[in-house]
Amino acid sequence: MNYVEEAIGITRAAQATGIPVVISFTVETDGNLPSGQSLKEAILQVEQATNQFPAYYMINCAHPTHLAGSLHSDEPLLGRIRGLRANASTKSHTELNESEILDDGNPEELGNQYCELKSILKNLNVLGGCCSTDHRHVEAICKACLPVWWTYPSNRGQFPMQQVLLTYQQ
0 MNYVEEAIGI
10 TRAAQATGIP
20 VVISFTVETD
30 GNLPSGQSLK
40 EAILQVEQAT
50 NQFPAYYMIN
60 CAHPTHLAGS
70 LHSDEPLLGR
80 IRGLRANAST
90 KSHTELNESE
100 ILDDGNPEEL
110 GNQYCELKSI
120 LKNLNVLGGC
130 CSTDHRHVEA
140 ICKACLPVWW
150 TYPSNRGQFP
160 MQQVLLTYQQ
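By numbering that gives the first Met the number 0, the letter at position 163 of the sequence shown is numbered 162, and the numbering carries on one by one without gaps.
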């Protein structure tokens, strides 16, 4: 979602019908929503407006490098972010929209960047891809992340694939 108002509206609709909801925001290359609002502010606003109703939050349609400035390891709200569906390309949304050539990035590099984000996003367990990703990217994410998954106390003794949902979108 691009705007916090969308997220609040969807959450309230889900709340009214008793349906669980996951809210997924997209960010620009500066780590902020397209509205200019920070990811932290957006999550806080949804939490306050909906009495913390979303099951969790995700980030989608942005490359992991776009998150660098918006994720701080000491931020308690990071525990509410459980999913990431990143773009393969480091390009901005505008650059991607105007491009005539598909930029599918570097699958192995993307996998390693997911693994690095796990050290900040401790509850991250929904992994996948968004724009320009395919099976190569999902495979690279698995190869990079699953071997180190066991190093996190919350994952010990559990089969990783029971905890991790992998998705991609071409």
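Backbone N, C-alpha and C define an ideal beta-carbon position, used for all residues, glycine too.
This structure is a prediction, so every number in the text was calculated from the model and none was measured.
Using the C-alpha atoms, what's the distance from P53 back to Q14? To locate residue 14, count along the sequence shown from 1; it is residue 15. To locate residue 53, count along the sequence shown from 1; it is residue 54. In a straight line, the C-alpha of Q14 is about 9 Å away from that of P53.
Quick one: grab the DSSP three-state call for I140. Translated into the one-based positions of the sequence shown, residue 140 becomes position 141. Note: I140 maps to helix in three-state DSSP.
Quick check on G8: does DSSP put it in helix, strand or coil? The residue labelled residue 8 in the question sits at position 9 within the sequence shown. Of the three classes helix, strand and coil, the one that applies to G8 here is helix, per DSSP.
Using a threshold of 8 Å, state whether the C-beta atoms of A41 and A6 are closer than that. Residue numbering aside, residue 41 sits at position 42 when the sequence shown is read from its first letter. Residue numbering aside, residue 6 sits at position 7 when the sequence shown is read from its first letter. Contact flag set, yes.
Is A85 buried or exposed, if buried means 16 or more other CB atoms sit within 10 Å of its CB? Here residue 85 corresponds to residue number 86 of the sequence shown, with the count starting at 1. Around the Cβ of A85, a 10 Å sphere holds 16 or more other Cβ atoms; the residue is buried.
When burial is assigned at 16 or more other CB atoms within 10 Å of the CB, is I100 buried or exposed? Numbered from 1 along the sequence shown, position 101 holds the residue referred to as residue 100. With fewer than 16 other Cβ atoms within 10 Å, it is exposed.
For Q162, which residues from the same chain have a beta carbon less than 6 Å from its beta carbon, with the 5 sequence-adjacent residues on both sides left out? Here residue 162 refers to the residue found at position 163 of the sequence shown. With a pLDDT of 49 at Q162, under the threshold of 50, the predicted position of this residue should be treated as unreliable, though the coordinate-derived value follows. Closer than 6 Å at the Cβ level, and outside the excluded window around Q162, lie N124.
In terms of residues, what are the limits of the alpha helix (DSSP H) holding N111? As a first step, residue 111 is located in the sequence shown; it is residue number 112 there, counting from the start. Judged by DSSP secondary structure, N111 falls within the alpha helix (DSSP H) whose first and last residues are P106 to K117.
Are at least three pairs of beta-carbons, each pair with one atom in the segment 14 to 32 and one in the segment 65 to 76, less than 8 Å apart? Touching, yes.
Spatial neighbours of F158 within its chain, please: CB distance less than 8 Å, with the 5 preceding and 5 following residues excluded, ordered by chain position. In the sequence shown, counting from the first residue as 1, residue 158 sits at position 159. With a pLDDT of only 48 at F158, under the threshold of 50, the placement of this residue in the model should not be trusted; the figure read from the coordinates follows. Correct list: empty, nothing qualifies.
Let's test the definition: count the other Cβ atoms within 10 Å of the Cβ of V137 and tell me whether it reaches 16, buried, or not, exposed. By 1-based counting over the sequence shown, the position of residue 137 is 138. Answer is buried; the Cβ neighbour count reaches 16.
From the DSSP output, in three-state form, read off G68 for me. For the purposes of this step, residue 68 is taken as the residue at position 69 of the sequence shown. Of the three classes helix, strand and coil, the one that applies to G68 here is coil, per DSSP.
Thinking just about the alpha-carbon of each residue, which of L120, Q44 and G82 is nearest to the one in M57? Translated into the one-based positions of the sequence shown, residue 57 becomes position 58. Selected option, being the one with the closest Cα: G82.
Supposed close pair S91, D102 - CB separation, criterion 8 Å: Taking the sequence shown and counting its residues from 1, the one referred to as residue 91 is at position 92. Taking the sequence shown and counting its residues from 1, the one referred to as residue 102 is at position 103. Contact between S91 and D102 is absent: CB atoms are separated by about 11 Å, not below the 8 Å threshold.
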